[in-house]
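This report refers to the structure that appears directly beneath it.
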Amino acid sequence: MKYTLAELAERFQCELVGDPHCTIEGVHTLEQAGPSQLSFLANPKYKNQLENTQAAAVVLHPQQQPESAGNWLLHDNPYATYARIAALFEPATDVAPGIHPSAIIDPSADVHPEASIGPYVVIGPAARIAAGCILHAHVVVQRGCTLQENCVLHPHVTLYAGTRLGRRVIIHASSVVGSDGFGYAPDAGQWVKIPQLGGVQIADDCEIGAGTTIDRGALDDTRIGEGSKLDNQIQIAHNVQIGKHTVMAGCSAISGSSTVGDHCQIGGGAGLAGHLHMTDHVIVTGMTMVSHDIRQPGAYSSGISQQEARKWRKNVARLHHLDELARKVRALEKKLAELETEAD
Amino acid sequence: MKYTLAELAERFQCELVGDPHCTIEGVHTLEQAGPSQLSFLANPKYKNQLENTQAAAVVLHPQQQPESAGNWLLHDNPYATYARIAALFEPATDVAPGIHPSAIIDPSADVHPEASIGPYVVIGPAARIAAGCILHAHVVVQRGCTLQENCVLHPHVTLYAGTRLGRRVIIHASSVVGSDGFGYAPDAGQWVKIPQLGGVQIADDCEIGAGTTIDRGALDDTRIGEGSKLDNQIQIAHNVQIGKHTVMAGCSAISGSSTVGDHCQIGGGAGLAGHLHMTDHVIVTGMTMVSHDIRQPGAYSSGISQQEARKWRKNVARLHHLDELARKVRALEKKLAELETEAD
Amino acid sequence: MKYTLAELAERFQCELVGDPHCTIEGVHTLEQAGPSQLSFLANPKYKNQLENTQAAAVVLHPQQQPESAGNWLLHDNPYATYARIAALFEPATDVAPGIHPSAIIDPSADVHPEASIGPYVVIGPAARIAAGCILHAHVVVQRGCTLQENCVLHPHVTLYAGTRLGRRVIIHASSVVGSDGFGYAPDAGQWVKIPQLGGVQIADDCEIGAGTTIDRGALDDTRIGEGSKLDNQIQIAHNVQIGKHTVMAGCSAISGSSTVGDHCQIGGGAGLAGHLHMTDHVIVTGMTMVSHDIRQPGAYSSGISQQEARKWRKNVARLHHLDELARKVRALEKKLAELETEAD
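Chains as they are written, first to last, in my numbering: chain C, 6 to 349; chain E, 6 to 349; chain G, 6 to 349.
If you want it as structure tokens, here you go:
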């Protein structure tokens with residue numbers, strides 16, 4: 006894989022400063038790029054690394070272009086441009102085109118001849134796999150699932166019956182989509198399982214990390230909107246509705262029937278309670294518990310940063326009596342007001 | 006799958022009001038049910054939806070029966086009754102009866118002829134699979150495991166050697182039962198692995214969500230009692246003992262050697278420290294850290310709901326000095342008492 | 006498996022007091038060991054159990070040796086010694102030596118003849134599996150991975166392309182190593198995937214629990230140092246660097262590009278933010294959020310223990326106004342000082 010700067014500039018709509026014939030064979034950081042690699046400057050605080058980089062060329066914002074000579078690909082969004090160029094250098098997948106002879110595909114399933122189905126994949130009745138999809142080893146796609154064009158399922162992914170994926174959906178290893186939601190009716194001290202009869206819909210361009218679980222709806226579908234990205238080990242409960250272009254960092258979770266808007270950012274380890282609504286453009290910082298609706302865009306928190314354990318223990322002991330402390334302060338205010346009155 | 010209301014009323018011990026010949030072909034919410042579907046009213050706040058529902062019939066409490074004409078299945082526990090009826094409409098599983106030819110079963114394993122073993126299932130030596138069990142694609146059951154009647158293991162479940170399941174245990178995709186507990190002995194700055202020689206026992210009617218992990222005991226067994234339900238992504242450490250009919254929501258975790266009573270409810274993201282005891286009928290709310298014994302039934306918390314990040318940052322800064330603040334209040338109280346004495 | 010006390014004493018460098026011909030066939034706790042089993046006393050608080058134990062012999066510290074007659078294996082580190090002896094009694098693995106005929110191994114992969122490759126294992130191009138490695142059923146090892154001697158991969162483990170494991174690395178079921186890091190560049194309200202081109206290196210003697218995910222680096226490798234142990238359901242983001250002999254308990258997580266030192270202990274459910282540095286010999290207690298660097302060894306916390314929900318609700322309500330409360334206290338201090346001045 007080799008590209009000239011001229012090719013890259015044209016393909017990714019950059020302004021090229023420098024040698025159009027310079028060839029690029031890979032990408033790396035400013036610090037570690039070699040003389041045939043492209044690098045990028047996205048964060049101005051690394052600008053001083055431009056001086057010593059060995060990179061063949063650098064993608065950067067026009068305002069960051071140094072006065073010194075060099076090969077520059079100028080673009081208003083250098084980070085996204087770097088990302089698009091770097092995709093050219095991703096190594097090939099293990100999965101060969103076509104259907105591996107060990108795959109077990111129900112005769113009623115419809116697998117496009119231009120899909121790649123890896124070893125030991127199991128595809129159930131009436132499933133549909135569109136062109137360009139790649140199913141890695143050991144993927145299980147159950148009855149009636151549909152995958153539109155160019156989806157990638159990494160090893161050991163399970164799609165329960167009826168899961169529907171849009172185009173270019175990526176799901177990483179060991180993730181599970183469509184497992185039963187957690188619903189039981191209490192009955193004389195025991196729990197009766199509520200059948201989970203809905204499905205899961207994941208729209209175009211979503212990416213789901215490894216070890217993530219997304220439950221099917223109880224009656225309606227659980228839905229994840231276009232372009233949303235979920236990191237590893239995320240839990241999405243039944244009936245959840247996530248909007249478009251929302252990102253969720255690792256180990257965050259959304260409880261049943263909650264809705265999250267578009268363009269939200271949910272930090273690692275954050276948890277949303279059930280049956281609540283979060284509007285668009287909300288940022289939830291790491292390890293926050295969201296227990297009631299958020300109706301205004303903005304940043305919300307309840308995470309607490311670490312402190313020396315010795316000090317923290319004392320503070321927590323006080324926190325467990327904070328209501329009393331507040332009452333004492335109120336009492337002090339009253340007494341002091343009385344004293345002041347007397348003093349007058 | 007079609008049932009008359011008369012059939013349903015008899016089978017599920019409801020009082021039928023309306024047309025006994027009305028046939029039901031499915032279930033849905035009051036809002037979305039069509040004219041051949043059954044719905045239910047469990048939460049009185051949705052009672053106004055009875056007016057406009059298109060449902061063929063509704064399961065509800067006798068006290069909620071509207072005066073208007075309609076088909077009603079009356080029962081004291083309409084939600085549990087709905088759950089039992091809805092189970093009739095669950096779609097068939099992908100797994101065909103009998104043993105799929107690609108399954109690899111050790112000759113010393115005992116698989117009942119009425120079990121259903123899916124593609125690429127691997128069953129180890131001396132394992133026993135009772136009648137009615139369904140093992141989905143890619144399940145691994147190691148040496149000496151026993152599954153009693155009617156268990157369902159979803160795709161990619163792993164049961165390590167010696168795991169014992171009761172009747173009707175359901176385990177969702179990619180969950181792991183019997184992995185080694187996390188035990189090491191320190192030795193000169195390094196960690197020596199403590200062999201984990203116990204097993205795991207899961208009693209009748211438990212359900213385990215997707216991506217959940219349950220470690221084997223160090224020497225004794227880890228145990229989960231009858232009818233308990235664990236959601237997705239739960240972590241149960243070695244030697245934990247969970248009672249009967251206890252429910253744990255997603256991403257909660259119990260550390261090693263702790264015991265949890267019967268009829269407890271543990272909220273999402275909650276964590277229990279190790280070597281502690283929680284009695285029966287305890288509710289732990291979401292994201293709570295349980296770090297010491299709970300000896301009285303009731304609800305316990307330590308989760309904090311979200312606040313605008315700007316305000317929260319100020320409050321946390323104060324929290325980190327709460328002990329000092331409490332000391333200041335104490336000092337104020339003393340000084341004020343002195344002033345009052347002087348003033349008298 | 007039978008060993009005389011004389012054999013064990015010699016092999017594990019213990020001082021033997023008692024019958025050298027006594028044979029040991031297993032291990033158990035002091036309370037439950039039978040007359041052919043070995044037990045151990047590591048925590049002095051269980052010393053009174055020595056009186057009634059039925060154990061054939063006990064490993065203990067010389068200072069704990071009781072005056073009564075018995076078979077004692079004396080060692081300065083009885084727990085580690087017990088651990089090493091107990092390893093003799095671990096049951097055999099399900100995986101037979103050699104390559105199971107159902108395994109699919111790329112012709113360009115190099116699998117040592119003394120490795121054990123289980124059913125339905127898939128090994129990609131150019132992977133290298135050294136002697137003594139055990140790959141359980143359904144393991145997937147992608148292109149270019151290398152496993153040094155005596156690694157054990159439990160069922161359903163996925164190693165993405167280019168993962169490198171040292172010697173004696175153990176990875177439990179359904180864990181994923183080398184999945185794409187969570188990196189996107191914002192572009193006009195959407196997210197452009199940053200290709201994740203680095204790998205993962207896990208050094209000698211690491212153990213990784215079940216359901217754990219470790220992402221590949223964006224450009225450089227994610228690394229876990231020698232002898233470190235990770236429990237179940239842990240999330241390690243891209244570019245993280247973990248030192249040697251560090252332990253992480255279940256459900257803890259480290260965000261992207263953070264570094265953790267040697268000999269650290271990270272409690273269950275704890276979370277580290279990204280791009281931070283934690284020095285050696287740091288203890289982070291359970292459910293703590295580490296949001297800034299830790300430069301001094303010691304213990305750090307931010308977890309809050311549970312309280313009755315009724316009381317906790319009041320305290321949290323006050324916490325949400327703690328900054329105001331602190332301002333009130335400050336105002337009181339000023340007023341009181343004024344009153345005192347007046348009174349003088």
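Ideal Cβ placement from N, Cα and C applies to all residues, glycine included.
Keep in mind the model is a prediction, meaning the values are calculated, not measured.
Counting only the same chain and skipping the five closest in sequence on each side, list residues whose C-beta sits under 6 Å from that of residue i.
i: E:Ile288; result: Gln270 and Ala304
i: E:Val182; result: Leu164, Thr168, Val205 and Ile219
i: C:Asp285; result: Gly266, Asp267 and His268
i: E:His161; result: His143, Ala178 and Ser179
i: C:Gly129; result: Asp111, Gln147 and Arg148
i: E:Cys156; result: Cys138, Leu170 and Val174
i: E:Ala120; result: Ile134 and Cys138
For residue i, which option in the options has the closest C-alpha, if you only look at C-alpha atoms?
i: C:Glu20; options: C:Ala47, C:Ile229, C:Glu36 and C:Val63; result: C:Val63
i: G:Ala91; options: G:Leu164, G:His143, G:Met6 and G:Val205; result: G:Met6
i: G:Arg228; options: G:Val197, G:Trp196 and G:Gly261; result: G:Gly261
i: C:Gly255; options: G:Ala254, G:Asp220 and G:Ile128; result: G:Asp220
i: C:Ala242; options: C:Ala223, C:His143 and C:Gly232; result: C:Ala223
i: C:Ile134; options: C:His161, C:Gly230, C:Arg173 and C:Ala97; result: C:Arg173
i: G:Asn48; options: G:Ala61, G:Lys333, G:Leu65 and G:Gly279; result: G:Leu65
i: C:Leu93; options: C:Ala336, C:Leu337 and C:Glu30; result: C:Glu30
i: E:Tyr125; options: E:Glu119, E:Gly214, E:Ala11 and E:Ile109; result: E:Ile109
i: E:Glu15; options: E:Ala61, E:Leu35, E:Leu46 and E:Leu78; result: E:Leu78
i: C:Ala210; options: C:Val252, C:Gln238 and C:Gly194; result: Sequence check: residue 210 of chain C is Asp here, not Ala. Nearest C-alpha to C:Asp210: C:Val252.
i: C:Glu212; options: G:Thr217, G:Gln195, G:Ala208 and G:Glu212; result: G:Gln195
i: C:Tyr244; options: C:Gln238, C:Gln201, C:Lys234 and C:Lys316; result: Here the sequence assigns Asn to residue 244 of chain C, which means Tyr is not the residue at that position. With distances taken between Cα atoms, C:Asn244 lies closest to C:Gln201.
Quick one: what's got a C-beta closer than 7 Å to residue i's C-beta in the same chain, skipping five residues either side?
i: G:Gln59; result: Ala38, Gly39 and Pro40
i: C:Asp226; result: Gly203, Gly204, Val205 and Gln206
i: E:Ala131; result: Ser113, Ala114, Arg148 and Gly149
i: E:His159; result: His141, Ile176, His177 and Ala178
i: C:Lys52; result: Leu46 and Gln69
i: C:Arg300; result: Thr284
i: C:Gly216; result: Ser179, Ser180, Asn237 and Gln238
Which partner residues does residue i have in the DSSP bridge list?
i: G:Lys234; result: G:Glu212 and G:Val252
i: G:His326; result: Beta-bridge pairing links G:His326 to no other residue.
i: E:Lys198; result: E:Tyr189
i: E:Arg133; result: E:Asp115 and E:Thr151
i: C:Arg300; result: In DSSP, C:Arg300 forms no bridge with anything.
i: G:Phe45; result: G:Val64
i: C:Met292; result: Looking at the DSSP assignment, C:Met292 forms no beta bridge with any residue, so it has no partner.
i: E:Gly23; result: None, per the DSSP bridge assignment.
With H, G and I counted as helix, E and B as strand and the rest as coil, what does DSSP make of residue i?
i: E:Pro118; result: coil
i: E:Gln54; result: helix
i: G:Val287; result: strand
i: G:Thr9; result: strand
i: E:Phe94; result: helix
i: G:Thr346; result: helix
i: C:Leu281; result: coil
i: G:Ala62; result: strand
i: E:Tyr165; result: coil
i: C:Ala275; result: coil
i: E:Glu313; result: strand
i: G:Leu35; result: coil
Once the 5 residues before and after residue i are set aside, which same chain residues still bring their CB inside 8 Å of it?
i: C:Arg89; result: Phe17
i: G:Pro25; result: Thr9, Leu10, Ala11 and Ala14
How about residue i: is its Cβ closer than 6 Å to a heavy atom in the ligand GTP?
i: E:Val100; result: The model on display carries no ligand, and the ligand GTP is accordingly not part of it.
At least 3 beta-carbon pairs within less than 8 Å: the region 164 to 176 of chain C vs the region 332 to 346 of chain C | no
Is there contact between the region 100 to 114 of chain C and the region 71 to 84 of chain C, where contact requires at least three CB pairs shorter than 8 Å?
-> Taking a contact to require three or more Cβ pairs closer than 8 Å, the region 100 to 114 of chain C and the region 71 to 84 of chain C do not qualify as touching.
Do the region 34 to 45 of chain E and the region 114 to 121 of chain E touch if we need at least three Cβ pairs shorter than 8 Å?
-> Flag = no, the region 34 to 45 of chain E and the region 114 to 121 of chain E do not touch.
The region 186 to 203 of chain G / the region 140 to 151 of chain G touching (three or more Cβ pairs under 8 Å) | no
Stretch pair the region 326 to 338 of chain E + the region 310 to 323 of chain C: three plus CB contacts closer than 8 Å = yes
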